[in-house]
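>
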Amino acid sequence: MPNGDVTKGELLYEGKAKKIYVTSDPALLWAEFKDDATAFDGDKKGTIVNKGVYNVALSEAMFKLLDEKGVPTHYVDTLSDRELLVRRLDIHPVEIVVRNVSAGSVCKRYGIDKGITFDEPIIEYFLKNDELHDPMLNRQHVTVLGYAPADALEVMEKYALAVNEILSEYMLARGVRLVDFKLEFGSADGKVYLGDEITPDTCRLWDAETGEVFDKDRFRHDMGEVEDHYAAVVKLLTEG
Ligand code: UDP
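Using the numbering used here, read the sequence shown as starting at 14 and increasing by one per residue.
(1) Who are the Cβ neighbours of Asp-228 in its own chain at under 7 Å, not counting the five residues just before and after it?
(2) Asp-220 bridges to which residues according to DSSP?
(3) On the CB-based measure, 16 or more other CB atoms within 10 Å of its CB, does Lys-31 come out buried or exposed?
(4) Just to confirm the assignment, what range does the alpha helix (DSSP H) spanning Ala-40 have?
(5) Based on the DSSP secondary-structure assignment, which residues constitute the bridge partners of Ala-52?
(6) Measuring from the CB of Thr-251, is there a heavy atom of the ligand UDP at a distance below 6 Å?
(7) Along the beta strand (DSSP E) that carries Leu-98, what are the first and last residues, could you check?
(8) Since I believe Lys-195 is in contact with Ile-109 (beta carbons under 8 Å), could you give me their beta-carbon distance rounded to a whole number of angstroms?
(9) Kindly identify the DSSP beta-bridge partner or partners of Val-111.
(10) Between which two residues does the beta strand (DSSP E) harbouring Thr-91 extend?
(11) For the ligand UDP, any of its heavy atoms closer than 6 Å to the Cβ of Val-176?
(12) Does the ligand UDP have even one heavy atom less than 6 Å from the beta-carbon of Gly-128?
In structure tokens form, the structure reads like this:
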């Protein structure tokens with residue numbers, strides 16, 4: 014898509030990790046990645062220095078890989094080390110979580126140990142709604158309550174599993190285990206696209222050999238050296 018002439022317009026929306034601006038092209042948005050970090054439903058707030066830069070670098074690389082492998086994403090171009098140009102989507106307000114290994118809320122909810130490798134990936138759905146604290150949904154909640162049409166949900170599930178296969182293989186080849194991750198999808202011109210970001214904020218990433226944690230759990234649980242670990246994992250996953 015030609016975008017040499019696109020200019021930044023009004024702020025459309027400011028989220029926890031990104032600012033989104035309209036552009037001179039109604040089909041495109043300008044996403045600026047911030048260093049702000051939140052956890053535990055916004056109760057914990059902080060800054061991860063240069064997180065925006067690491068998150069742009071990893072999102073760009075993962076979106077390009079997925080587009081190449083047949084999963085359409087909203088990525089259009091990289092505008093600076095903190096800014097992406099993306100396709101404007103009607104976001105389906107459903108967060109899709111894919112889990113390969115037990116960690117985080119699945120351990121708490123079902124009382125299981127951390128680090129159990131599942132026989133097959135588990136897909137979970139959550140309503141994107143801060144006020145309601147992102148309640149878990151089943152497939153009927155998604156379609157019957159109107160959060161996404163059945164045909165779009167089917168495509169989202171198919172893409173979520175494809176993303177899992179593509180990224181798990183890519184990351185493992187670079188020594189990183191993709192434990193779990195969260196995706197958001199939207200539609201444009203009747204087609205489903207992967208939106209949002211793919212970053213250490215939205216994925217759990219462990220060293221495949223040692224189990225060392227390279228993701229936002231370092232911030233959530235005050236494990237220290239957060240910036241260094243973001244930098245290291247992004248370097249591993251974007252170089253070579
Ligand atoms: N996740 C996310 N945004 C959310 C909730 C979860 O990006 O609002 C990601 C999280 O980083 C992890 C995966 O989705 O990689 C599964 O998260 P989980 O349900 O275990 O929730 P957590 O315990 O991390 O809050």
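Idealized CB from N, CA, C, for every residue including glycine.
Reading from the atomic positions:
(1) Pro-213, Cys-216, Arg-217, Leu-218
(2) Val-189
(3) buried
(4) Counting along the chain, Ala-40 falls outside any alpha helix (DSSP H), and DSSP gives it neither H nor E.
(5) Lys-57
(6) no
(7) 96-100
(8) 7 Å
(9) Ile-136, Phe-194
(10) 88-93
(11) no
(12) no
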